[in-house]
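According to this note's numbering, the stretch in the sequence shown is residues 79 to 282, in order.
The C-beta atom is built at its ideal place from N, Cα and C for all residues, glycine as well.
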Amino acid sequence: MPRLIPRDEAFYDIFVKDGENLLEAARKLDAMITTYDRLEERVAEIQALEHLGDELDVEINKRLERSFITPFDREDIHELTARLDDVLDGIQEVAETFVIYGVERPTDEARRMAAIITAQANQLLEALRKLDGFSGIAPHLHEVHELEHEADGLSRAAIGRLFHDRGDPLHVIMWRDLYTELEDTIDAAEDAAEVIERIVAKND
79 MPRLIPRDEA
89 FYDIFVKDGE
99 NLLEAARKLD
109 AMITTYDRLE
119 ERVAEIQALE
129 HLGDELDVEI
139 NKRLERSFIT
149 PFDREDIHEL
159 TARLDDVLDG
169 IQEVAETFVI
179 YGVERPTDEA
189 RRMAAIITAQ
199 ANQLLEALRK
209 LDGFSGIAPH
219 LHEVHELEHE
229 ADGLSRAAIG
239 RLFHDRGDPL
249 HVIMWRDLYT
259 ELEDTIDAAE
269 DAAEVIERIV
279 AKND
């Protein structure tokens with residue numbers, strides 16, 4: 079039986095664009111921390127992607143206001159939009175903090191955590207690309223969770239080592255803040271994955 083009022087399927091396309099934008103920002107953060115050059119330029123590129131993400135969020139919210147039937151629950155669309163935005167905001171915050179604090183050289187742990195954010199963003203994008211069929215998504219979300227577990231151990235060990243070494247207090251504060259921001263961004267990616275899990279469960 080065909081729907082008398084068709085669902086607005088454009089949400090899927092916008093979420094994919096949002097995921098692609100998020101992955102691009104994550105890759106730029108990863109490149110920034112790996113090569114650690116042209117910092118101001120790289121931060122500006124990430125800020126531009128964050129602005130594009132805001133524009134996509136506005137597009138989703140406007141479409142949500144005028145759509146009578148959505149492809150899945152309205153509150154889930156709103157929540158997924160917000161959680162993806164949290165990841166993008168976190169990426170921008172991390173990039174800016176490296177410059178604000180005048181970090182001379184990233185640690186190996188920071189490089190690995192930036193790589194984890196990129197890997198999570200890639201898995202989220204793959205999940206978003208499959209959201210219209212609600213199938214084949216679970217392995218991507220599982221990988222997001224596994225990456226968060228790795229980052230959790232990495233962050234705890236790195237922060238613990240800062241205090242164990244009893245170095246310059248300013249150095250300790252700086253890196254504790256950076257590790258926390260990186261971990262918060264990784265946690266935000268896991269939060270986005272959990273929203274997708276709920277969407278899939280409701281529509282299974």
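Query - Presumed contact (8 Å Cβ cut-off) between Ile138 and Phe212, rounded CB distance - result: With 8 Å as the limit, Ile138 and Phe212 do not qualify as a contact, their Cβ atoms being about 19 Å apart.
Report task. May I have the straight-line CA-CA distance separating Glu123 from Tyr114, to the nearest angstrom? Result -> 14 Å
Query raised in the report: Can you give the beta carbon distance from Gly131 to Leu100, rounded, assuming they're within the 8 Å contact cut?
Result: 7 Å
Requested in this report: Have a look at Lys208, Glu259, Arg239 and flag the residue whose alpha-carbon is nearest the alpha-carbon of Val250.
Outcome: Arg239
Report task. Output the residue ranges of the alpha helix (DSSP H) runs that lie fully inside the segment 179 to 264 and measure 4 residues or longer, sorted by chain position. Result -> 186 to 207, 216 to 243
**Report entry** C-alpha distance - Asp255 paired with Phe146, whole-angstrom precision
**Finding:** 44 Å
**Report entry** Helix, strand or coil at Tyr114 according to DSSP, with G and I counted as helix
**Finding:** coil
Requested in this report: Could you round the C-beta distance between Ile111 and Arg189 to whole angstroms and report it? I think they count as a contact, below 8 Å.
Outcome: 5 Å
Query raised in the report: With burial defined as no fewer than 16 other Cβ atoms inside 10 Å of the residue's Cβ, what is the status of Arg234: buried or exposed?
Result: exposed
Query raised in the report: Taking Cβ positions only, does Arg141 come closer than 9 Å to chain B?
Result: Chain labels in this structure do not include chain B; a single protein chain is all it has.
Query raised in the report: When the Cα of Ala205 is compared with those of Ile195, Val222, Ala192, which residue comes out closest?
Result: Val222
Report task. Go through its chain and collect everything with a Cβ distance to Asn200's Cβ below 7 Å, but skip five positions before and after it. Result -> Leu101
Query - Selected residue, minimal CA-CA separation from Glu87, among Leu117, Glu119, Ile215, Arg152 - result: Arg152
Query - Backbone secondary structure at Asn139 - three-state DSSP - result: helix
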